[in-house]
Amino acid sequence: MNRKRIIAITKKEFLHAFRDRRMLVIIFALPVVMLMLYGYALTFDIRNIPTVIMDRDNKPITRDIIKKLTGSGYFKIVGSAGDFKDEESYLLSGRARMAINFDNGFSSKVLSGEKAPLQVIVDGADANTAVVSIGYLNSILQEYSKKLLIKAFASSGLSSADDLMPIDARPRVLYNPELRSMHFLIPGLISFILMILAAMIISLTVVSEKTRGTMEQLISTSINPLELMIGKMVPYVVIGLGDVLLCVIVGVFVFGVHIQGSLLLLFFESLLFLFGSMGLGLAISTTANRQEDALLMSSMVTFLPSMLLSGFVFPINSMPGIIQWISYLVPARYFINILRGIFLKGIGLNYLWPDTLLLFVFAAVMLTISAKRFKKRLE
Amino acid sequence: MPDSRLFHLIKKEFIQVLREKRLLGIIIIAPIIQLIIFGYVATTDVKNISMAVLDQDRTVYSRQFVSEFGNSGYFEIKYYANDLKEERDLIDSGKIKVALNIPSDFSEKLRSNIKVPVQFILDGSDANSTSISLGYINGIVFEYSTKELQKRFGNIKDLSDKINAIDVRTRVFYNQSLTSVNYMVPGVLAILLMVLTAVLTSITIVKEKEYGTLEQLIVTPIKPHELMIGKMVPFIVLGFVDVLIVIFVANFWFKVPLQGSIWLLLALCLVFLLTSLGTGLYISALSHTMQQTILSVIFVMLPSILLSGFIFPISNMPDVIQWATLIIPMRYFLTIVRGIFLKGIGIEYLWMETLAMLVLGGAIFALAVKKFRKKLE
């Protein structure tokens, strides 16, 4: 091991990375763009559900209910339909996602204490949005029913009308009381960006040296494989940690995310994860001989799993059993778990040691494999 | 025609594509893997929410209340905690998402008609899942409460009827079971078509550039437009093969049948190809190396996946970004594919999206052809 040779390779890699403008954009603009996108645009928080109303009753009660719906902010009335055909065309064309039909005599039934049926039609194509909108509608109507009930009880002389509901559910939300998706997504984004950066870009640069023939030139110098490997890795460690810092700064100052736990632990875990992903990237570069193969393999083993199987966007608990098992093989899963723990819960190694241990194993295994293969390739 | 240059060029491209086993593997296996991944993984359905119960009452009443949660299908009661500290520990370590605390006077108060406060503690890290769980909790508690009320006032007919004054009868159209698979699978078709055509065309063209064989082709009498058509035809054909594979797997494996006309779907796929092939061609005209191509492809693919409504609904986005999505062809294509697949609607509802794709596709295609020609001549 010769420090001077490693430094030379590191310098060369830095030059390579910073010379290519598109690469620079990927390294620094991608994290910011992704954060902004996920922070502002990409959310499952549902509001303004386009709703069409067919009000055949048109009495104070129905108007009152409609007002409650729009006032909640969850529903937006996009039109009123005259008949079912009209209503269906709203749903088919996608102009409305929900249709509410008040039948003739709805309010008189409500007032006389009969059960008043209310027909609601939901466009279920987007299941998540549909489930959430049904939930909103039910809770608004339940609230309304409760008010009517309390009024009726009060008029029948029962005084404790307010204490009517036997059970009073008092939910308390921990870690993220305002329920903002941003707090959940930033840790996922950090791991996603590190995975792309470390595994994808490093494998592409190594393979590009192969296709251009400059790898042969490097081999014919006095550098040994391990030095070459370290030299290749150092710039991306620096850039990767820079990206973590960038994400943290944007998260804290732009989106108001609070980091509950230790920043030092955050960087330590990021480093561990970076080493593992770089090892993976290098291992890929030893098997792939062309850049498109490297891209394909790295997207198969890094991009897709760390996006889909890590719990970044989709909850792992809801996946089928086999896929949940597979997700244990995805290191990003542990990393995201750790990051969320540090960011949101403020917990330390006393809770996070199993995940940390697994990340350590991942890094050790990947670096050993890639070092071995790298050596064999070059010698 | 069989002797024309174009025919031979197309034949060459086909041979080149089919010779590569790996590429062939991608074309046939990729759609199936993608379908399985997106069909099973990309689900925003919230179920099996892990729950711990701290039951300080331990009576028939409290057990019955707890079992309402277990039986709902949304919650999975994994632990019974002995004290608050243990419960907090379970939440902190991420073993449970919801904790339910039943006070020791639960049954006593319930029997003597006094309001009982029941505490729920939720891990709010995942905002979306948490708000859905909150909805489930409120629903279950409300149901239980009304049942209790009805028991209590059962003898007063007038009152027990009023307990549920409004009887909401919800009907779900287009996706009765409300599972995400039905929504994701048609989306995969659109994404796949884009990946195949835009990514693979640009990669094969740039590869010829890198190997220098493009130069060789240019010096032959082949005209630029023949070269372009020759490059595109194999991927168009393979793209349609993939569309058919997706329709087949969707129907027989995922039980998501195609409700609308298959001919309309194929015709509109062709319109979409205008935009994605145009994009691929444009990228290849701009890039000199494979690395540049790959980075450009990532730049194009990310907004097409993230801002098109494939996963995140466009209607949730802020207005500025909603306007920006108007120039993403994938947005219109997804509406079309989902409309034909799930709603079975025809062109009378989809002409606006089709028109938008034609305009955008025509523009990018013309631009790409111009750029490409300039490079070649």
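Those protein sequences? They're chains X and P, same order as listed.
Going letter by letter, the first sequence gives residues 1 to 379 in the working numbering.
Going letter by letter, the second sequence gives residues 380 to 756 in the working numbering.
Glycine included, C-beta positions come from ideal geometry on N, C-alpha and C.
In this text, all values refer to a predicted model and were calculated from it rather than measured experimentally.
Neighbour list for residue i in chain P, Cβ cutoff strictly below 7 Å
{"i": "V250 (chain X)", "result": "Here the premise fails: no neighbours, minimum Cβ distance about 17 Å."}
{"i": "T129 (chain X)", "result": "P692"}
{"i": "S208 (chain X)", "result": "Q670"}
{"i": "Q260 (chain X)", "result": "Ordered by position in chain P, no residue passes the 7 Å Cβ test against Q260 (chain X), which lies about 11 Å from the chain."}
{"i": "R340 (chain X)", "result": "S504"}
{"i": "V387 (chain X)", "result": "In this structure chain X extends from 1 to 379, so residue 387 (chain X) is not present and cannot be described."}
{"i": "A198 (chain X)", "result": "Ordered by position in chain P, no residue passes the 7 Å Cβ test against A198 (chain X), which lies about 15 Å from the chain."}
Alpha carbon of residue i to alpha carbon of residue j, nearest angstrom
{"i": "G609 (chain P)", "j": "K376 (chain X)", "result": "42 Å"}
{"i": "K68 (chain X)", "j": "I140 (chain X)", "result": "7 Å"}
{"i": "A294 (chain X)", "j": "K750 (chain P)", "result": "28 Å"}
{"i": "E524 (chain P)", "j": "Y453 (chain P)", "result": "Checking the displayed sequence, the identity of residue 524 (chain P) turns out to be Ser instead of Glu. Approximately 19 Å, taken between the alpha carbons."}
{"i": "L644 (chain P)", "j": "V131 (chain X)", "result": "28 Å"}
{"i": "Y40 (chain X)", "j": "S181 (chain X)", "result": "10 Å"}
{"i": "Y459 (chain P)", "j": "G449 (chain P)", "result": "13 Å"}
{"i": "M696 (chain P)", "j": "Y38 (chain X)", "result": "10 Å"}
{"i": "E589 (chain P)", "j": "S581 (chain P)", "result": "12 Å"}
{"i": "V625 (chain P)", "j": "I719 (chain P)", "result": "14 Å"}
{"i": "S451 (chain P)", "j": "N554 (chain P)", "result": "21 Å"}
{"i": "S491 (chain P)", "j": "L148 (chain X)", "result": "24 Å"}
{"i": "L185 (chain X)", "j": "I259 (chain X)", "result": "13 Å"}
{"i": "L593 (chain P)", "j": "Q291 (chain X)", "result": "19 Å"}
{"i": "S441 (chain P)", "j": "I519 (chain P)", "result": "14 Å"}
{"i": "L329 (chain X)", "j": "I322 (chain X)", "result": "12 Å"}
{"i": "R56 (chain X)", "j": "T549 (chain P)", "result": "18 Å"}
{"i": "I662 (chain P)", "j": "F521 (chain P)", "result": "57 Å"}
{"i": "T668 (chain P)", "j": "Q701 (chain P)", "result": "34 Å"}
{"i": "Q142 (chain X)", "j": "S559 (chain P)", "result": "27 Å"}
{"i": "G723 (chain P)", "j": "S93 (chain X)", "result": "11 Å"}
Partners in chain X for residue i, counting only beta-carbon separations shorter than 9 Å
{"i": "V425 (chain P)", "result": "N128, V131, P315, N317 and S318"}
{"i": "P613 (chain P)", "result": "Within chain X, no residue comes near P613 (chain P); the closest Cβ sits about 16 Å away, beyond 9 Å."}
C-beta neighbour in chain X for residue i, strict 9 Å
{"i": "A431 (chain P)", "result": "no"}
{"i": "R548 (chain P)", "result": "yes"}
{"i": "Y459 (chain P)", "result": "no"}
{"i": "L356 (chain P)", "result": "This structure cannot settle anything about residue 356 (chain P), because the visible part of chain P is limited to 380 through 756."}
{"i": "L746 (chain P)", "result": "no"}
{"i": "V567 (chain P)", "result": "no"}
{"i": "V420 (chain P)", "result": "yes"}
{"i": "G718 (chain P)", "result": "yes"}
{"i": "M709 (chain P)", "result": "no"}
{"i": "K634 (chain P)", "result": "no"}
{"i": "M696 (chain P)", "result": "yes"}
{"i": "I677 (chain P)", "result": "yes"}
{"i": "K400 (chain P)", "result": "no"}
{"i": "M736 (chain P)", "result": "no"}
Closer than 9 Å at the beta carbon, the chain P residues around residue i
{"i": "D55 (chain X)", "result": "Within 9 Å Cβ-Cβ: nothing; D55 (chain X) doesn't reach chain P, min ~14 Å."}
{"i": "N138 (chain X)", "result": "G514, N517, G518, F521, V547 and T549"}
{"i": "L37 (chain X)", "result": "L681, P682, L685, L686 and I700"}
CB contact check: residue i to chain P, cutoff 9 Å
{"i": "E216 (chain X)", "result": "no"}
{"i": "V257 (chain X)", "result": "no"}
{"i": "T356 (chain X)", "result": "no"}
{"i": "N104 (chain X)", "result": "no"}
{"i": "I285 (chain X)", "result": "In the sequence under discussion, the amino acid at residue 285 (chain X) is Ser, which differs from the Ile named in the question. Not closer than 9 Å to any Cβ of chain P, the Cβ of S285 (chain X) fails to qualify, so no."}
{"i": "T211 (chain X)", "result": "yes"}
{"i": "A161 (chain X)", "result": "For A161 (chain X), the pLDDT reaches just 49, beneath the cut-off of 50, and the residue's location in the model is therefore unreliable, leaving the point undetermined."}
{"i": "M195 (chain X)", "result": "no"}
Cβ-Cβ separation, residue j to residue i (assumed contact under 8 Å), whole Å
{"i": "N427 (chain P)", "j": "S318 (chain X)", "result": "7 Å"}
{"i": "P708 (chain P)", "j": "M731 (chain P)", "result": "About 13 Å separates the two Cβ atoms, so there is no contact after all."}
{"i": "V612 (chain P)", "j": "S512 (chain P)", "result": "Wrong, their Cβ atoms sit about 51 Å apart, outside the cutoff."}
{"i": "T658 (chain P)", "j": "S666 (chain P)", "result": "Contact doesn't hold; Cβ gap of about 12 Å is too wide."}
{"i": "V420 (chain P)", "j": "F314 (chain X)", "result": "6 Å"}
{"i": "T205 (chain X)", "j": "H16 (chain X)", "result": "7 Å"}
{"i": "V716 (chain P)", "j": "P565 (chain P)", "result": "5 Å"}
Neighbouring residues, chain X, relative to residue i (Cβ below 8 Å)
{"i": "D484 (chain P)", "result": "Within chain X, no residue comes near D484 (chain P); the closest Cβ sits about 13 Å away, beyond 8 Å."}
{"i": "T714 (chain P)", "result": "G94"}
Amino acids of chain X, ordered along the chain, whose beta-carbon sits closer than 7 Å to that of residue i
{"i": "D471 (chain P)", "result": "K345, I347 and Y351"}
{"i": "Q555 (chain P)", "result": "G124"}
{"i": "Y562 (chain P)", "result": "A125, D126 and A127"}
{"i": "Y728 (chain P)", "result": "L92 and S93"}
Proximal residues of chain P, C-beta to C-beta of residue i below 8 Å
{"i": "P60 (chain X)", "result": "Result: empty, since nearest Cβ-Cβ is about 15 Å, beyond 8 Å."}
Residues within the stretch 498–513 of chain P neighbouring chain X, beta-carbon criterion of under 7 Å = Q498, F499, I500, L501, D502, G503, S504, D505, A506, N507, S508, T509, S510, I511 and L513
Residues within the stretch 166–178 of chain X neighbouring chain P, beta-carbon criterion of under 7 Å = If the cut-off is 7 Å between Cβ atoms, the stretch 166–178 of chain X has P166, I167, D168, A169, R170, P171, R172, V173, L174, Y175, N176 and P177 near chain P.
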